[in-house]
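Asker: When we follow our numbering, the leftmost residue of the sequence shown carries the number 648, and every step to the right adds one. Once you've had a glance at the structure underneath, I'll fire off some questions.
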Amino acid sequence: MASESTTTTDHDEIRKWVESNRGKPACVRDTGKGDDPGILRFDFPGGAGDESLEQISWDEWFEKFDSQKLALLYQEKKSSGEGSTFFKLVNR
């Protein structure tokens, strides 16, 4: 079974995928200044986010996502069929 990826800018679709994998919107700690949260990420359980990521609100996350004209490329399932948390933020 081949793994498939999807690219989207739809806020509801992004939020649904992240939350279905028990993730939270986040940014890389100490990469932003002022109101800019910095580098966007998602914080998934068991990921590397404990010390390097800071959780932020969905409003903050989507504001930066839209202002930078980003899209989310994500993988629903691994080739083995189990759920995946692989994602990449790409230019629209």
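Using N, Cα and C, we set each Cβ at its ideal position, and we do this for glycine too.
Which same chain residues, not among the five before or five after Ser731, have their C-beta less than 6 angstroms away from its C-beta?
Answerer: Same-chain partners within the cutoff: Gln722, Lys724 and Lys725.
Asker: Per DSSP, which residues does Val665 bridge with? Please list them.
Answerer: According to DSSP, Val665 bridges with nothing at all.
Asker: Could you tell me how far apart the beta carbons of Arg662 and Trp705 are, in whole angstroms, since I believe they sit closer than 8 angstroms?
Answerer: About 6 angstroms separates the two Cβ atoms, so the contact holds.
Asker: From the DSSP output, read off the bridge partner residues of Arg739.
Answerer: DSSP, once it has assigned bridges, lists no residue as partnering Arg739.
Asker: Output yes or no for whether 8 angstroms exceeds the beta carbon distance between Ala718 and Thr653.
Answerer: Cβ distance not < 8 angstroms, so Ala718 and Thr653 don't count as in contact.
Asker: Let's test the definition: count the other Cβ atoms within 10 Å of the Cβ of Phe733 and tell me whether it reaches 16, buried, or not, exposed.
Answerer: The residue is exposed, with fewer than 16 neighbouring Cβ atoms inside 10 Å.
Asker: If you follow the alpha helix (DSSP H) that Lys711 is in, where does it begin and where does it stop?
Answerer: Trp705 to Ser714 is the extent of the alpha helix (DSSP H) around Lys711.
Asker: Are there 16 or more other CB atoms within 10 angstroms of the CB of Gly670, so buried, or fewer, so exposed?
Answerer: Gly670 should be labelled buried.
Asker: Shortest alpha-carbon distance to Phe712 belongs to which of Glu666, Ser667, Asn668 and Leu687?
Answerer: The candidate whose alpha carbon is nearest that of Phe712 is Leu687.
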